[in-house]
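Have a look at the structure below, then the notes.
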Amino acid sequence: MSMSVGSDSGDEDQVMSEINTTPLVDIMLVLLIIFLITSPVVLKLIKIKLPEETNQVIQTKPEDVNIVVSKDGDIYWNQRRMRDANELFDNLKVEAVKLPQPEVHVRGDQETKYEAIGKVIFTTQRAGIQKVGFITEPPDRG
1 MSMSVGSDSG DEDQVMSEIN TTPLVDIMLV LLIIFLITSP VVLKLIKIKL
51 PEETNQVIQT KPEDVNIVVS KDGDIYWNQR RMRDANELFD NLKVEAVKLP
101 QPEVHVRGDQ ETKYEAIGKV IFTTQRAGIQ KVGFITEPPD RG
């Protein structure tokens with residue numbers, strides 16, 4: 001910060017204080033140039049190609065298990081309503097010991113609470129099911 005004492009008017013008690021911003025701007029421009037030059041060297045970005053969004057169409061087999069969760073949280077096993085998660089667990093335990101183990105496809109309503117879907121996934125894990133998939137709508141192509 002610089003101060004200049006003005007004695008042009010003859011009044012010695014008057015002090016003029018001004019902030020000289022020219023050195024500040026010079027330093028900021030130098031720092032900007034340094035960061036622009038050094039940032040590509042420091043970051044070492046690796047160019048990669050990200051995967052495209054695609055849904056794989058799978059052929060359903062008769063032995064696959066379809067679990068539907070309605071928006072109210074009701075669980076259906078191949079169109080048959082389950083009383084609770086314990087009944088679902090008992091049915092999944094029977095399927096888990098089969099060789100080869102069937103896949104479980106979970107179809108949830110769009111307005112279903114995450115808690116209901118999470119309960120179904122947790123039950124399939126507890127039962128020992130290895131393959132669990134979600135059935136979704138394909139994305140719009142237009």
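Per UniProt numbering, the sequence shown starts with residue 1, numbered consecutively. Backbone N, C-alpha and C define an ideal beta-carbon position, used for all residues, glycine too.
**Prompt:** Using the beta-carbon count (16 or more within 10 Å), is T124 buried or exposed?
**Reply:** buried
**Prompt:** Which residue or residues does DSSP assign as beta-bridge partners of I75?
**Reply:** V69
**Asked** For V132 versus I75, is the C-beta distance shorter than 9 Å?
**Response** no
**C-alpha gap between T21 and V42, whole angstroms** = 31 Å
**Item:** V97 - containing beta strand (DSSP E), residue span
**Value:** No beta strand (DSSP E) holds V97; DSSP gives it neither H nor E.
**Message:** Which residue wins for smallest C-alpha separation from residue 146, given the options K71, P40 and I129?
**Reply:** With the chain running from 1 to 142 in the structure shown, residue 146 is simply not present.
**Asked** Between A96, I27 and G108, which lies nearest to S70 when the distance is taken from Cα to Cα?
**Response** G108
**Asked** For the alpha helix (DSSP H) that contains R126, what are its first and last residues?
**Response** Y114 to A127
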